[in-house]
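Here the structure comes first, spelled out in structure tokens, and everything after it is commentary.
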Amino acid sequence: MAQEDVDDLCNHVFELFDKRDGGQMKLRLFDNPSDFEDMTLSLFHPYFERLKPLLREWWNLLICAYKSYDEVTEGLIHDRVLIVLNKHLDLIRAGEGEMEPDEAETNDAAMLRRQKELERRRLDLHTLQLSPWTAGSIVESAVHDADNEARSDSLSAEVSGDGMWAYRSALGGQDPYTDSSQSEFVASESTNDGSDASPGPANLTRKLAAMTVTGGADRGSTSS
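By numbering that gives the first Met the number 0, the letter at position 144 of the sequence shown is numbered 143, and the numbering carries on one by one without gaps.
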């Protein structure tokens with residue numbers, strides 16, 4: 000990506016998530032859903048082209064939920080998002096037709112960056128494994144998954160809430176990413192900054208799924 004494109008992406012992310020204006024950019028997108036294509040998806044690097052169909056369907060689902068918010072929608076939206084994620088995960092994994100990886104994903108430079116990112120994640124998981132506040136069996140399983148992912152160009156696990164529930168239970172309800180008491184844990188530098196070094200479509204799909212599962216678990220605990 001050219002530096003100008005990176006700057007545009009960073010500015011858009013700031014407008015969406017960090018600017019203290021009461022969420023005016025989000026409100027604009029919800030009031031004018033078609034702007035999502037031009038203002039957000041157009042900023043994606045070609046490496047993430049295969050994620051666009053997923054995000055279009057996800058966005059349409061959010062718009063429908065926004066316009067028809069009620070108890071039924073609130074009860075079904077979580078499962079519906081998981082269904083969408085699983086469907087597109089299968090399509091990306093199959094890599095056929097329009098979902099076939101293109102040059103932006105398969106060139107040597109992209110493959111090298113992917114391997115570096117996977118190695119960074121394995122090191123993070125091994126660091127987490129050594130931490131006294133984690134359950135070894137759960138983290139060892141995550142390390143095993145990361146090692147397998149490094150030997151494969153696609154994901155093999157379907158999205159499920161069970162793994163995240165088990166992981167959070169093993170941590171005694173603590174969130175390893177937000178718990179301020181774990182100040183001694185230092186994560187390695189992330190490359191997920193919108194640059195060419197960001198992780199691949201399948202990896203980002205897994206992250207979205209994990210975020211959705213975590214969000215659903217938090218809402219369930221709050222309502223109870």
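In this text, a Cβ means the ideal position worked out from N, Cα and C, and glycines have one as well.
- Distance between residue 100 and residue 89, taken at the CA atoms: about 14 angstroms.
- Between the alpha carbons of residue 77 and residue 48 lies a gap of roughly 25 angstroms.
- In the three-state reduction of the DSSP assignment, residue 69 falls in the coil class, being assigned neither a helical nor a strand state.
- Of the candidates 53, 87 and 46, the residue whose Cα lies closest to the Cα of residue 102 is 46.
- Under the criterion of beta carbons closer than 8 angstroms, residue 65 and residue 29 qualify as touching, at roughly 6 angstroms.
- Between residue 118 and residue 127, the alpha-carbon positions lie close to 14 angstroms from each other.
- Counting C-beta atoms within 10 angstroms of its own C-beta, residue 82 has fewer than 16 neighbours from the protein chains shown and is therefore classed as exposed.
- For residue 105, the uninterrupted alpha helix (DSSP H) run begins and ends at 102-105, by DSSP.
- With fewer than 16 other Cβ atoms from the protein chains shown falling within 10 Å of its own Cβ, residue 95 counts as exposed.
- For residue 3, the enclosing alpha helix (DSSP H) starts and ends at 2-12.
- Rounded to whole angstroms, the separation of the alpha carbons of residue 129 and residue 34 is 46 angstroms.
- For residue 29, the enclosing alpha helix (DSSP H) has its first and last residue at 23-30.
- When the beta-carbon positions are compared, residue 25 and residue 15 come within less than 8 angstroms of each other.
- Taking 8 angstroms as the cut-off, the Cβ atoms of residue 42 and residue 7 count as close.
- For residue 36, the uninterrupted alpha helix (DSSP H) segment begins and ends at 34-38.
- With 16 or more other Cβ atoms from the protein chains shown falling within 10 Å of its own Cβ, residue 80 counts as buried.
- Proximity to residue 1 across 86, 44, 91 and 131 peaks at 44, based on C-alpha coordinates.
- Sequence-distant partners of residue 54 (beyond 5 residues in either direction) whose C-beta falls short of 7 angstroms from its own C-beta, in its chain, are 40.
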